[in-house]
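Using the working numbering, read the sequence shown as starting at 53 and increasing by one per residue. The beta-carbon is built from N, C-alpha and C at its ideal position, and this holds for glycine as well. In this text the structure is predicted, and so the values were computed from the model without any measurement. A short write-up of the structure that comes next.
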Amino acid sequence: FQILAHPNLKAFISHAAVDQVLSNPKYSTNMKSMSALFRDRPMNPIETGVYWTEFVLRHNSTKSLKPIQNLTFFQRRLFDVTLIFIFVVSFLLALLFAILFRFFKTTLQTKAFKRMDVLENKKKCQ
Numbered sequence: 053f054q055i056l057a058h059p060n061l062k063a064f065i066s067h068a069a070v071d072q073v074l075s076n077p078k079y080s081t082n083m084k085s086m087s088a089l090f091r092d093r094p095m096n097p098i099e100t101g102v103y104w105t106e107f108v109l110r111h112n113s114t115k116s117l118k119p120i121q122n123l124t125f126f127q128r129r130l131f132d133v134t135l136i137f138i139f140v141v142s143f144l145l146a147l148l149f150a151i152l153f154r155f156f157k158t159t160l161q162t163k164a165f166k167r168m169d170v171l172e173n174k175k176k177c178q
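Structure follows, in structure tokens:
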């Protein structure tokens, strides 16, 4: 597979690349599927252009075609979604740290109490 870029366009390279495209059935299959996707639309390009021209003339405006212009700066940049995401992630991390802190605190306290009991028992035995 070779990409033809502007600096690579020389007679022998482009001839080999064109020959490969013409002889390899993989390219033919891909182009046929892309062509089928391109042709599978409800209107041809001229009808589409006429439709949108008539649409603008009927409604005297293109504001409905540009909904992002009606949004505020914060809505366009999705700051509200970002802030909620940051809040939820921060809350979950804080909850995780609180659970881990409580777990380790109780575990360490239990071990400390057991050590103290062992030391007290040794002192009593002596």
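Beta-carbon proximity of residue i to residue j, cut-off 8 Å
i, j, result
"I120", "R128", "yes"
"D132", "F125", "no"
Cβ separation of residue i and residue j, assumed to be a contact under 8 Å, to the nearest whole Å
i, j, result
"V108", "T100", "Rounded, the Cβ-Cβ distance is 13 Å, inconsistent with contact."
"V73", "Y79", "5 Å"
Rounded straight-line distance, which links the Cα of residue j to that of residue i
i, j, result
"A146", "K118", "41 Å"
"A164", "V140", "36 Å"
"Y103", "L123", "27 Å"
"I98", "L89", "18 Å"
"V170", "F153", "26 Å"
"N173", "L160", "20 Å"
"H67", "L135", "55 Å"
"E106", "T81", "38 Å"
"S116", "S87", "31 Å"
"T162", "L130", "48 Å"
"D92", "R110", "27 Å"
"L148", "K166", "27 Å"
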